[in-house]
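When you read off a place in the first sequence, starting at 1, and then add 133, the result is the number in the working numbering. These notes concern the structure reproduced below.
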Amino acid sequence: MKLSGHKKLPLKFYKRNVHTVAKELLGKYIVKKNNDIYLCGKIVEVEAYDGNIDEAAHSFRGKTERNRVMFEGGGKLYVYFTYGMHFCANVVTGNINDGKAVLIRAVEPVDGIEQMILNRFGKKSIKENEIKNLCNGPGKFCKAFNIDRNDNGTDLTGDYIFIIGNKELTPDNIVTAQRIGIKKSVDLPWRYYIKENKFVSKR
DNA sequence: CCACGGATTGGCT
DNA sequence: GCCAATCCGTGGA
């Protein structure tokens, strides 16, 4: 795809309500420069986390060394390590000290797919019907995009990791559902994904 | 100070 | 469907 055809999202985009940002991130393209090539994926599934009222949010009990990026204001990438082996990436939203972020749960591979395959499986190619397994989960997405603790705190208005697109890309068929894999605040319907998209982690 | 368990994944039954 | 893998931040003692 042509990166030049889309505009990089400005800081203003991120400094808004976490649910507004979550839904508007759907359909947009997240880009990461990796080994001189651009990895690009269409965001198809996200979850909102709000430290004020959401016990499942890392920010719920206040700022710590681990979650401090969640408090640095909209437009940063918050990356954390979990289960002893996986990384998950979040787009921080709102203002400084809000403690709100959007977890990227799944993307549809668009560009740099060979490099994603290499990052995920350490080999050059996979079967065509395995492509949907490249980034259909928060840990899988980070592995494919080579996102780890070094990327925590990345400024998304820079040219290393950023998100591109415009308002027209926002899908009109967004499903709202309960979040996945959490034990607290399980009833909050804060998971959003594109209806019938094959690259969503779970339907 | 230390035991617990997690915003997950993949392999095996 | 079930469960092990494998760190390390965090909360309770």
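Each residue gets a CB set at the ideal place from its N, CA and C atoms; glycine is no exception. Quick caveat, the model's predicted, so the values are computed rather than measured.
Compare the beta carbon distance of residue i and residue j with 8 Å and say whether it is the shorter of the two.
i: I297; j: K166; result: no
i: V164; j: N269; result: no
i: D285; j: Y211; result: Rather than Asp, the amino acid found at residue 285 in this sequence is Asn. Against a cut-off of 8 Å, the Cβ pair of Y211 and N285 comes out as a contact.
i: K331; j: K265; result: yes
i: K317; j: E188; result: yes
i: G208; j: K256; result: no
i: V277; j: M249; result: With the sequence shown as reference, residue 277 is identified as Ala, and Val is not the correct amino acid for it. Yes. Within cutoff.
i: V224; j: L136; result: no
i: F220; j: I307; result: no
Which residues in the same chain as residue i place their Cβ atom closer than 8 Å to its Cβ, once the five residues preceding and following it in sequence are excluded?
i: N150; result: T226 and G227
i: E180; result: A155, V235, L236, R238, R312, I313, W323, R324 and Y325
i: I315; result: A189
i: E247; result: K257 and S258
i: N168; result: Q248
Apart from the five residues just before and just after residue i, which ones in its own chain have a Cβ nearer than 7 Å to its Cβ?
i: A310; result: P322 and R324
i: N299; result: H139 and K140
i: K196; result: F204
i: K145; result: none
May I ask you to report which of helix, strand or coil DSSP gives residue i?
i: R149; result: coil
i: D288; result: strand
i: P242; result: strand
i: H139; result: coil
i: G206; result: coil
i: I280; result: coil
i: N299; result: coil
i: G174; result: strand
i: E157; result: helix
i: K166; result: strand
i: K331; result: coil
i: N252; result: helix
i: L236; result: strand
i: N230; result: coil
i: I186; result: coil
i: R199; result: coil
i: L275; result: Here residue 275 is Cys; the residue named in the question, Leu, does not match the sequence. Here C275 sits in helix by DSSP.
i: I259; result: coil
i: R312; result: coil
i: R336; result: coil
i: N269; result: coil
Decide if residue i is buried, meaning its Cβ has at least 16 other Cβ atoms within 10 Å, or exposed.
i: E263; result: exposed
i: M203; result: buried
i: I229; result: exposed
i: I186; result: exposed
i: E178; result: buried
i: N194; result: According to the sequence as given, residue 194 is Arg; it is not Asn. Per the 10 Å Cβ criterion, exposed.
i: R253; result: buried
i: Y162; result: buried
Note down, in chain order, each residue of its chain lying with its Cβ closer than 6 Å to the Cβ of residue i, except the 5 sequence neighbours on either side.
i: T303; result: E157 and G160
i: L142; result: I296
i: S192; result: G184, N200, M203 and G232
i: G206; result: N228 and I229
Open item on the list: For the stretch 234-249 against the stretch 173-187, do three or more pairs of beta-carbon atoms, one drawn from each stretch, fall closer than 8 Å, so that the two count as touching?
Closed with: Segments in contact, yes.
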